[in-house]
Amino acid sequence: MAHADDRNKIQFKRLPFDHCSLSLQPFEHPYCSRDGVIFELTSIIPFLKRYGVNPATGEPMDAKVFGQIDIPQKCKW
Numbered sequence: 000m001a002h003a004d005d006r007n008k009i010q011f012k013r014l015p016f017d018h019c020s021l022s023l024q025p026f027e028h029p030y031c032s033r034d035g036v037i038f039e040l041t042s043i044i045p046f047l048k049r050y051g052v053n054p055a056t057g058e059p060m061d062a063k064v065f066g067q068i069d070i071p072q073k074c075k076w
């Protein structure tokens, strides 16, 4: 018999590689932080302007630390 708390737990699902770590939506303009977290450019810039932190780690972050990722069309899902 399952414990009452076990029934309310949410199943962990890994974020697909082609999705933004902030918006959880497929990205069109992927940018990667120095620690390897991928964000959609149109999602992360407004977030950084407002909060000034990496949404994945909570550490202070500047938009200058991002690098654009070029994913070939044949590799897109």
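Note that numbering that gives the first Met the number 0 gives residue 20 to position 21 of the sequence shown, counting from 1, and the numbers run on in steps of one. Ideal Cβ positions, reconstructed from N, Cα and C, are used throughout, including at glycine.
Backbone secondary structure at residue i - three-state DSSP
i	result
ILE44	helix
TRP76	For TRP76, the predicted structure reports a pLDDT of 45, less than 50, and the residue's modelled location is therefore unreliable. A value from the coordinates is still provided. In this structure, TRP76 counts as coil in the three-state DSSP scheme.
VAL64	helix
Rounded separation between residue i and residue j - CA only
i	j	result
LYS12	THR41	24 Å
ARG49	LYS8	32 Å
ILE78	ILE43	Residue 78 lies beyond the range of the chain shown here (0 to 76); nothing can be said about it.
LYS75	ASP17	Residue confidence for LYS75 is low, a pLDDT of 48 falling below 50, so the modelled location carries little weight and cannot support an answer.
Start-to-end residues for the beta strand (DSSP E) that takes in residue i
i	result
CYS19	Counting along the chain, CYS19 falls outside any beta strand (DSSP E), and DSSP gives it neither H nor E.
GLU58	Where GLU58 is concerned, there is no enclosing beta strand (DSSP E), given that its DSSP letter is neither H nor E.
Integer Cβ distance of residue i from residue j, believed to fall under 8 Å
i	j	result
SER20	PHE46	In fact, because the Cβ distance is near 11 Å, the residues do not count as touching under 8 Å.
Exposure of residue i, with buried meaning 16 or more beta-carbon neighbours within 10 Å
i	result
PRO29	buried
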